[in-house]
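Trainee: Right, I'll just put the structure down here and ask away after.
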Amino acid sequence: MERILLFFLMVCLAALIPPSGFAEDPNGAQYKEKQGKPYGEGSHLPVEIPPGMELINMGGIHMIVPQGMKIEKKGSLMTMEGSDAFAARNFKEMKTRFEKIEASQDELKKTVDDLKQEISKKPAAAPETGVR
5 MERILLFFLM VCLAALIPPS GFAEDPNGAQ YKEKQGKPYG EGSHLPVEIP PGMELINMGG
65 IHMIVPQGMK IEKKGSLMTM EGSDAFAARN FKEMKTRFEK IEASQDELKK TVDDLKQEIS
125 KKPAAAPETG VR
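In the working numbering, the protein residues as written are 5 to 136.
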């Protein structure tokens, strides 16, 4: 008798709870089910891409990864570079960019100093009176 009541209760609850259209992973995150449109295409994006991230498509799989992250595909296995390698590569690239910027800044300072010296060497021109 208890089994019949328990089964009846489960059927009633299942009939009363409407389907939500969301799938939930074990960590509690919710994902909207795709309605025939892949991520990143169509009139709207199903997810908002945070700043500093990019949406890539590799082998029919859409992924949101940090901008510039290297992803390798070997057969059907896709591997992303580790966060430590990604950070180290980015810092190295930034260091070279800063060195180039500093070098160009030094060149501009030298040019400005040269122009200042040329201006100071020229005699001041007589002001025009405007009368002829």
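Glycine included, C-beta positions come from ideal geometry on N, C-alpha and C.
Looking at the structure shown, is ILE65 part of a helix, part of a strand, or coil, going by DSSP?
Mentor: By 1-based counting over the sequence shown, the position of residue 65 is 61. Strand.
Trainee: Is MET62 closer than 7 Å to MET73 when the C-beta atoms are compared?
Mentor: If you number the sequence shown from 1, residue 73 lands on position 69. If you number the sequence shown from 1, residue 62 lands on position 58. Cβ atoms of MET73 and MET62: not closer than 7 Å.
Trainee: Measure the Cβ-Cβ separation of ILE53 and ILE75 and say whether it is below 7 Å.
Mentor: Position 49 of the sequence shown, counted from the start, is the residue given in the question as residue 53. Position 71 of the sequence shown, counted from the start, is the residue given in the question as residue 75. Contact flag unset, no.
Trainee: Taking the CB atoms as reference points, tell me whether GLN71 and GLY86 lie closer together than 7 Å.
Mentor: What you label residue 71 is simply residue 67 of the sequence shown in a count that begins at 1. What you label residue 86 is simply residue 82 of the sequence shown in a count that begins at 1. No, they are not a contact pair.
Trainee: Roughly how many angstroms separate the alpha carbons of LEU59 and ILE65, rounded to a whole number?
Mentor: Taking the sequence shown and counting its residues from 1, the one referred to as residue 59 is at position 55. Taking the sequence shown and counting its residues from 1, the one referred to as residue 65 is at position 61. Distance between the alpha carbons of LEU59 and ILE65: 10 Å.
Trainee: Could you check the C-alpha separation between SER124 and LEU112 for me, to the nearest Å?
Mentor: Position 120 of the sequence shown, counting from 1, holds the residue named residue 124. Position 108 of the sequence shown, counting from 1, holds the residue named residue 112. Their Cα atoms are separated by approximately 18 Å.
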